[in-house]
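*Asks:* In the working numbering, the protein residues as written are 208 to 428.
All residues carry an ideal CB built from backbone N, CA and C; glycine is no exception.
The model shown is predicted, which means the values in this text are computed figures rather than measured ones.
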Amino acid sequence: LYGVAGVGGSTVNCNQGCGTIFKLNIATQKFTVLHTFNGATDGAQPFAALLLSAKTLYGSTAYMGTGGDCGQSGCGTLFKYDLPSKTFTTMRELVLADGADPLGKMVRSSSGLLYGTTSAAGANGVGNVFSIDPVSNAYAVVHSFDYHVDGAHASSDLTIKNDVIYGTTRAGGPTADNEGTIFKLELSTNTLTTLYSFTGNGNGATPTFGVVFGASNRLYG
């Protein structure tokens with residue numbers, strides 16, 4: 208089993224520790240720390256779940272990195288950890304234009320690109336959808352959320368099916384209630400569509416987690 212701890216580990220640049228990547232052998236119950244974040248170029252507080260693809264772990268840290276324009280806390284980082292070679296690599300140290308505070312698990316498209324969201328910053332200050340090439344580390348903003356148009360502060364894990372990404376935002380949306388949205392992003396055109404806007408009454412508000420597919424092509428969350 209592989210995972211991340213959001214705090215603990217090194218306290219050089221983080222009062223409660225910057226977090227770790229770990230593995231747990233199920234048979235022997237042996238626990239091993241694979242990487243300890245230092246709060247500098249590799250970031251701090253990896254709150255998002257990991258994506259495992261082709262023997263490589265991909266993830267993000269919510270803070271730190273040396274992007275430089277997010278203040279003392281930093282904008283966060285995107286990283287990969289190659290399991291065969293036990294090598295950690297920072298793929299991107301985020302800056303304000305990239306978006307900041309990535310909190311959700313990334314997904315991989317058929318093209319091999321990784322997609323994720325930032326919960327803050329970006330062109331409109333409320334987060335972006337981004338892509339990153341895990342080989343070249345080329346980074347692109349795919350969509351910038353606009354609070355009253357299509358939501359804000361996406362922090363959930365993404366779901367992908369047939370190169371269409373589905374996710375939620377914790378706030379904003381085209382209704383007057385601004386209680387969050389469910390959205391889809393078609394990668395063939397990079398077109399984002401709001402599927403539903405929460406009103407905060409009987410249907411709930413502030414969806415913090417993502418959505419999953421169930422029977423009959425329905426999304427549940």
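Is the CB-CB distance between Thr227 and Gly246 below 9 Å?
*Replies:* Against a cut-off of 9 Å, the Cβ pair of Gly246 and Thr227 comes out as no contact.
*Asks:* Got a sec? Which residues, its chain only, sit under 6 Å from Val184 by beta carbon, not counting five neighbours each side?
*Replies:* Since the first and last residues shown for the chain are 208 and 428, residue 184 lies out of range.
*Asks:* Taking the beta strand (DSSP E) that His242 falls in, what are its first and last residues?
*Replies:* It spans Phe238 to Thr243 - the beta strand (DSSP E) in which His242 sits, taken as one unbroken run.
*Asks:* At 4 residues or longer, what runs of the alpha helix (DSSP H) sit wholly inside the stretch 353–399?
*Replies:* List check, alpha helix (DSSP H) in window: 354–357.
*Asks:* What does the alpha-carbon distance come out to for the pair Phe416 and Asp384?
*Replies:* So the two alpha carbons sit approximately 19 Å from each other.
*Asks:* Could you give the distance in angstroms between the alpha-carbon of Ser217 and the alpha-carbon of His242?
*Replies:* Between Ser217 and His242, the C-alpha separation is close to 10 Å.
*Asks:* Starting from Ala347, trace the beta strand (DSSP E) in both directions and tell me its first and last residue.
*Replies:* Tyr346 to Ser351 is the span of the beta strand (DSSP E), which, as asked, contains Ala347.
*Asks:* Just confirm the distance between the C-beta atoms of Gly323 and Gly334, as a whole number of angstroms; I'd bet it's less than 8 Å.
*Replies:* That belief does not hold up - the Cβ atoms of Gly323 and Gly334 are roughly 11 Å apart, past 8 Å.
*Asks:* With three or more beta-carbon pairs closer than 8 Å as the criterion, would you say the stretch 401–419 touches the stretch 366–374?
*Replies:* Yes, since at least three Cβ pairs between the stretch 401–419 and the stretch 366–374 fall closer than 8 Å, the two stretches touch.
*Asks:* Could you please give the first and the last residue of the uninterrupted beta strand (DSSP E) stretch that includes Ile339?
*Replies:* Looking at the DSSP string, the run of the beta strand (DSSP E) that includes Ile339 is Asn335 to Ile339.
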